[in-house]
Amino acid sequence: MTKTMPEPPQLTVLQPLVDKLPPFIARKAVKYFTGGAISAKKLANDDYRAVGPAVRMKIGDTVVYPTPFLLAYLENQGISIIEVPKL
């Protein structure tokens, strides 16, 4: 039985990053790609509770996320742009 990947989600704030990141990001590398904001443990817990990224895959023993789905998850966590006031 072959599963097909759903259409990538529409992104707002993080859309410019899709083409700058690798196509898949390993769960254990998420801390690096988010600057420490999200840990692999949080992702594993959110996956277990079915509130993590909509798509995840395994390559060997490694859990990976297609980049657009990981970015959509990050946006759902509540990303906002902070405007720096001009002095």
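Here UniProt numbering is used: the first residue of the sequence shown is 1, the next is one more, and so on. By construction, the Cβ of each residue, glycine as well, lies at the ideal position given by its N, Cα and C atoms.
For Pro-68, the enclosing alpha helix (DSSP H) starts and ends at 67-76. Going by DSSP, Ala-26 is part of no alpha helix (DSSP H) but of the beta strand (DSSP E) stretching over 24-26. CA-CA distance, Thr-2 to Lys-86, rounds to 54 Å. Residue state for Val-63 is assigned as strand, using DSSP reduced to three classes. Of the other Cβ atoms in all chains shown, 16 or more fall within 10 Å of the Cβ of Tyr-65; this residue is therefore buried. The DSSP assignment places complete alpha helix (DSSP H) segments of no fewer than 4 residues inside the segment 33-64 at 40-48, in order along the chain. Here Gln-15 carries a helix assignment [DSSP, helix/strand/coil].
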